[in-house]
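I have placed the structure first, in the form of structure tokens, so that the comments after it can refer back to it.
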Amino acid sequence: MNIYFQKTHQRSFGTYPLEGEVLMNAIAAAAETGYRAFDTAQMYGNEAETGEALAATGIARDELCVTTKVHPDNFGEADFMKSVEQSLKSLRMDYVDALLVHWPPVGGDIAPSLRLLQQALERGLTRNIGISNYTAQMMRDAKSIVDAPLVTNQVEFHPLLDQSILLRAASETGIPLASYSSVARGEVFKYPQFEEIGRGYGKTAGQVVLRWILQKGVSANTMSTKPENIRANFDIMDFTLSSIDMDRIDALNATNYRIVGKDLVPWAPDWD
Ligand SMILES: NC(=O)c1ccc[n+]([C@@H]2O[C@H](COP(=O)([O-])OP(=O)(O)OC[C@H]3O[C@@H](n4cnc5c(N)ncnc54)[C@H](OP(=O)(O)O)[C@@H]3O)[C@@H](O)[C@H]2O)c1
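Just so you know, the working numbering puts the end of the sequence shown at 282, numbered straight through with nothing missing.
Shown next, in the form of structure tokens:
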């Protein structure tokens with residue numbers, strides 16, 4: 011497990027699409043719950059508020075693990091570094107713990123933005139670099155393009171979507187996956203299996219879903235505005251799903267319910 015993954019404690023708090031008071035309150039509740047890893051992006055337009063909310067928690071900078079992502083519009087040589095410097099200014103930080111390229115670029119040539127990402131690392135703007143929304147082949151290509159380790163590929167990952175190809179690429183390349191849309195934006199709650207399984211462990215449906223993600227070797231990135239959900243989503247380290255229950259949940263992968271595709275995001279690649 012790489013240092014970035016250790017620092018996230020396998021659970022990170024997502025900030026999209028939060029803003030304003032809702033974002034401030036959610037980050038305060040997440041920090042109070044114990045979250046130390048927070049996920050934002052240039053695209054979310056909330057880096058400044060995230061920085062303000064994190065400063066208000068009073069948590070020491072070196073205890074935090076902050077990830078932001080470079081918008082594909084900033085992948086040009088003239089814009090990339092300037093945009094990262096602006097992100098740091100907005101976040102009120104000298105560095106982020108991980109800087110990701112948010113999407114592969116349209117047209118598919120991943121090399122230029124990855125080289126700029128590595129330069130940001132060399133300039134000390136970030137402690138680690140990573141990727142997001144990369145396919146299995148892109149993961150393999152990325153590994154051969156940059157010398158520094160890529161600490162994560164953040165992708166849509168929940169039990170209703172078959173991501174076995176990406177999981178295989180993660181173990182082959184050593185680039186671990188982190189999840190987004192971990193509870194499929196609520197869609198998982200339509201499946202009674204999670205609640206049924208949870209009863210055996212004294213856990214909720216959401217906790218079963220997130221624990222399944224962790225046991226797949228994937229770090230769970232979740233977002234909630236409700237303190238009770240924020241606490242429940244964090245409280246997933248004191249039980250282990252049996253292999254029978256893991257298999258039962260795996261079977262739901264066949265649903266192939268994908269939230270983020272080309273209809274929503276122009277940069278979405280042809281998914282595996
Ligand atoms: N890299 C990328 O391209 C990318 C794309 C999308 C998202 N992300 C990141 O991933 C984070 C999370 O993803 P997401 O927001 O798409 O999806 P998500 O975490 O699957 O869904 C969030 C929604 O689920 C609800 N929820 C959360 N925990 C719950 C629980 N225990 N019980 C019941 N409802 C619950 C929340 O409602 P309540 O507020 O009512 O709890 C919220 O509306 C984002 O905030 C963002 O940081 C990254």
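Every residue gets a Cβ at the ideal spot worked out from N, C-alpha and C, and that includes glycine. Nothing here was measured: the structure is a model prediction, and the numbers come from that model.
Assigned with DSSP and collapsed to three states, residue 79 falls in strand. With a threshold of 16 other beta carbon atoms within 10 Å, residue 247 falls short and is exposed.
DSSP, reduced to helix, strand and coil, places residue 90 within a helical segment of the structure shown. Under DSSP, residue 123 takes part in no beta bridge, so it has no partner. At least one heavy atom of ligand 1 falls within 7 angstroms of the beta-carbon of residue 235. Distances taken from the Cβ of residue 239 to the heavy atoms of ligand 1 include one shorter than 7 angstroms. Here the alpha carbons of residue 277 and residue 61 stand approximately 27 angstroms from one another.
Within the stretch 93–150, the runs of beta strand (DSSP E) at least 3 residues long that lie entirely inside it are, in chain order, 108–111 and 139–142.
Every beta strand (DSSP E) stretch that sits fully inside the stretch 155–206 and reaches 3 residues is listed by chain position as 160–166 and 187–190. Each residue's CA atom was taken as its position, placing residue 240 and residue 84 some 32 angstroms apart. By the Cβ test, the stretch 245–261 is in contact with the stretch 217–226, since at least three Cβ pairs between them sit closer than 8 angstroms. A check of alpha carbon separations from residue 43 across 267, 231, 115 and 242 identifies 242 as the nearest. By the criterion of at least three beta-carbon pairs nearer than 8 angstroms, the stretch 11–18 is not in contact with the stretch 87–103. Residue 171 and residue 253 have their alpha carbons spaced roughly 19 angstroms apart.
Taking each of 266, 233, 281 and 156 in turn and checking the Cα distance to residue 37, the smallest one comes out for 233. By the Cβ-count criterion, residue 161 is buried, with 16 or more other Cβ atoms from all chains shown falling within 10 Å of its own Cβ. A straight line joining the alpha-carbon of residue 249 with that of residue 86 spans about 46 angstroms.
Contact between residue 128 and residue 158 holds: CB atoms are separated by about 6 angstroms, below the 8 angstroms threshold. Put simply, the stretch 174–184 touches the stretch 133–147. At least three CB pairs are less than 8 angstroms apart. The nearest non-hydrogen atom of ligand 1 is less than 7 angstroms from the C-beta of residue 49. Sequence-distant Cβ neighbours of residue 204 in its own chain, meaning closer than 7 angstroms and more than five residues away, are 198, 215, 218 and 219. In the DSSP annotation of this structure, the continuous segment of the alpha helix (DSSP H) that includes residue 244 starts and ends at 237–244.
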